Structure formats: C-alpha cells, structure tokens
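Peer 1:
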Amino acid sequence: MPTWTIKNEPVTGTGVDEVMREYFTEMGRRVLGGPATEAELRAVLAEDPHQALSPPDGEFLVARSGEGEFLGCAGLRLLRDDPETAELKRMYVRPAGRGAGLGRSLLLAVEESAKRLGAARIVCETNTQLTEARALYTRHDYEETAPYEGHGKADHWYAKVLS
C-alpha cells in the first residue's frame, strides 16, 4: 500500500520553487558534473517554462506523504504544435521518496492526466547520466525517438502511445 497521495496542485504552490531548486541542483551535479552557482540556479529558474504545467493545457502533480511532506512531482503540458502529444516535464522524486515505487506511480498518474487532456501520445527527454529515469521509461513501454520541439540539451528522447 503506497504511503503517499498524488494530486493536482498549482505549479506555483507552496514548496514547488524549493523542490525545483533541488531538482535543478541535482540535474547540474549529475548531468554537468558539478554544482550550479546561485546565479546559474536563479537564471534556470527564471527561464523555466513551468507555468505551462497548468490548466487548461497542462497539469502539475505532487506526491505527498501522509503527513503532507512533498515527496515528488511531475508535470505535463500539451505541445503547442501537436496538441495530441503531451510532454512529461519536471519529474522529480526527493530522496525521502526514492526506492518505494513513487517514480512509477508519478509516471502512471501523468499518463492518466495526459489522456484526460486528450493526448494520444506522451513524450519526454532526459540525459545519459540519469540512468534511473531511462530505465523507468523503458520499463513502461517508452521507446527512444527523435528529438522533438527544440530540446537540444538532452541526450535521449522517448515517446509512448497512450492506449
């Protein structure tokens, strides 16, 4: 039995900026090989298009423990040039939520949200160093595909047809 709940929350909600800071810090460390400076973090957060992870064309899902602790999140948005395709964005599980299947639960919840928004397909991108993410996508029938919509900083792109 999971020890968390996953619900839609505003991407501007309490704790989201703090978690996005953790997300970008970890991505910098793992992908770029070192910590980001405070100026780099502020620049990335200012450029981050997470406002698109809001209705009517997006959603932001937050996983919380029974005590309300923010354990993880995942967002999605419909692509402007292809509104039948949803893009998975900002999937992150905090260390306190790792190893118990929360990533899988978030991924499945995002797929259900994408279907509710009318998407027939979901896409995502990641980097070579994020082996856990790549394994999760492959285990859930995502197939590597060509880059989409200008994501030049990633190393791997995935797509899945939603049934």
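Per the numbering used here, numbering of the sequence shown is gapless, rising by one per residue and ending at 170.
Backbone N, C-alpha and C fix where the C-beta goes; we use that ideal spot for every residue, glycine too.
From a predicted model like this one, the values you see are computed outputs, not experimental measurements.
Taking only runs of the beta strand (DSSP E) that begin and end inside the stretch 54-78, which ones reach a length of at least 3 residues, in chain order?
Peer 2: Runs of the beta strand (DSSP E) inside the stretch 54-78: 65-72.
Peer 1: Between leucine 60 and the rest of its own chain, which residues show a CB-CB distance below 8 Å, the 5 nearest in sequence each way excluded?
Peer 2: For leucine 60, where only same-chain residues beyond five positions count, the Cβ hits under 8 Å are Val18, Glu66, Phe67, Gly82, Leu83, Arg84, Lys96, Arg97.
Peer 1: Helix, strand or coil, according to DSSP, for methionine 8 in the structure here?
Peer 2: Residue confidence is low: methionine 8 scores 49 on pLDDT, short of 50, so the model does not pin down where it sits. No coordinate-derived value is stated.
Peer 1: How many angstroms separate the CA atom of alanine 127 from the CA atom of proline 62?
Peer 2: Whole-angstrom Cα-Cα distance: 18 Å.
Peer 1: Specify the secondary structure class of arginine 49 as computed by DSSP and reduced to three states.
Peer 2: Helix.
Peer 1: How far does the alpha helix (DSSP H) with aspartate 24 in it extend, from its first residue to its last?
Peer 2: Element bounds for aspartate 24: 23-34.
Peer 1: Which value, in whole angstroms, describes the spacing of the CA atoms of glutamate 118 and proline 154?
Peer 2: Near 20 Å, if we compare the C-alpha coordinates of proline 154 and glutamate 118.
Peer 1: Buried or exposed for serine 112, going by 16 or more other Cβ atoms inside 10 Å?
Peer 2: That one is buried.
Peer 1: By how many angstroms is the C-alpha of lysine 167 removed from the C-alpha of threonine 133?
Peer 2: When rounded, the distance between both Cα atoms is 15 Å.
Peer 1: Check this for me: beta carbons of glycine 20 and alanine 70, under 8 Å apart or not?
Peer 2: In this structure, alanine 70 does not lie closer than 8 Å to glycine 20 by Cβ.
Peer 1: Straight-line CA distance for glycine 41 to threonine 32?
Peer 2: Computed Cα separation, rounded: 9 Å.
Peer 1: In this structure, how does DSSP classify valine 38 when only helix, strand and coil are distinguished?
Peer 2: Looking at valine 38 - three-state DSSP - the assignment turns out to be helix.
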